[in-house]
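Report on one structure; see the data block that follows.
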Amino acid sequence: MTQGMRWGVLVMGVALLCGCSGMQPKAWQRGDLAQPEMAWDPDPVDAAIRQHTYDSKEAASGSATVGGGGCGCN
Amino acid sequence: MNRVLCACALSLPLLAGAAETGQPAPLFPALEAQRGKVVLVDFWASWCGPCLQALPRYEALRQELHAGGFEVIGVDVDQHPQDGEKLLKTLRLSYPQVPDAQGELAERYAVNGMPASYLVDRKGQVRQMHVGFEKNDIEPLHKAVAQLLEEK
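Listed in order, the protein sequences are those of chains A and B. Each position in the first sequence, counted from 1, maps to that position plus 111 in the numbering used here. Each position in the second sequence, counted from 1, maps to that position plus 9 in the numbering used here.
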C-alpha cells in the first residue's frame, strides 16, 4: 500500500466515523421518537413485572447489574 | 485578521436572531400583528405531554388577562401538522396558532426543550424564557404577565 493510499484510507475512515455526528434531533423534531412503538419497552408495566421476576430468580448472581462470569457457582 | 474573525464570531448570534432575555424577540407575522401587547409565544406539539397540560392553562390565563392587553401565540411544531390540527379541534383554543412543521421558527428562537415559552413585553423584547411545564408554573407566569401589563 502506497503512502497516498494510506492517507486516503485514513481520511475515508475519519469521514465515515464523523458521518452521523450531526444527526442528533432538535427538541422539536422528536415527534416520531415519541411514538409508543419507538420505546425500548412498549409496555412499561409489563417490562417492570418481567424485570422483577428476573431479579428474583437471578439475585444471587447480581441480576442484571453484574456482568456474568459463567462459573456456575451461585 | 484576528479582529475580522472576532467581529464575525460576535455577530453570529445577531445573524441567527436567537431569542434571548432582554433582546428583541425574533419577529414573525403573527407576533407583529400583536405589537403593543404582552405576548406569550408558546412552542408546543401534540406528542409532548407537558405541552398538553399547558395549553388549556394558557387559554384560561389568556381569557383572564386578554382585556388588559395580553395575548398568547401557539406555535405548533408537529412535523405531521394533521396531529396538531386534530388536537386543536378538541381543545378549541381562542388564541392564534402558527404551524411550524419545518421548525423554522423553533430554529430562530433556539428552542432547546418542549414546551418552550417566551414572554414578550409591549416593546417586543423577550422578558422571560421558560422550558418545560408544571402546574406550579402558572402562578409566577400570571404575576410576570400582570407586571408587564402595568408597563406602558
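Using N, Cα and C, we set each Cβ at its ideal position, and we do this for glycine too.
| query | result |
| --- | --- |
| Considering only residues of the same chain and omitting the five flanking positions on each side of residue 120 of chain B, which have a CB-CB separation below 7 Å? | 52 |
| If you scan the region 44-81 of chain B from start to end, which runs of the alpha helix (DSSP H) of 4 or more residues do you find wholly inside it? | 58-74 |
| Does DSSP put residue 172 of chain A in a helix, in a strand, or in coil? | helix |
| Which one of B:66, B:133, B:150 has the shortest CA to CA distance from residue 139 of chain B? | B:150 |
| Taking residue 136 of chain B as part of the beta strand (DSSP E), name the residues at either end of that continuous run. | 135-140 |
| Select from B:78, B:47, B:61, B:46 the residue whose C-alpha is nearest the C-alpha of residue 143 of chain B. | B:61 |
| Taking the C-alpha atoms as reference points, what is the distance between residue 23 of chain B and residue 116 of chain A? | Bear in mind that a pLDDT of 44 at residue 23 of chain B, under 50, signals an unreliable position, so the number given afterwards is only what the model happens to contain. Going by the C-alpha atoms only, they are around 44 Å apart. |
| Can the beta-carbon of residue 102 of chain B be found closer than 8 Å to that of residue 64 of chain B? | yes |
| Given a cut-off of 8 Å, decide if residue 27 of chain B and residue 127 of chain B are closer than it, judged by their beta-carbon atoms. | no |
| If you draw a straight line from the C-alpha of residue 67 of chain B to the C-alpha of residue 127 of chain A, how long is it? | 46 Å |
| Between residue 139 of chain A and residue 54 of chain B, which are expected to be in contact by the criterion C-beta below 8 Å, what is the C-beta distance as a whole number of angstroms? | 7 Å |
| Along the region 129-145 of chain A, what residues have a CB closer than 8 Å to any CB found in chain C? | No chain C is part of this structure, whose protein chains are labelled A and B. |
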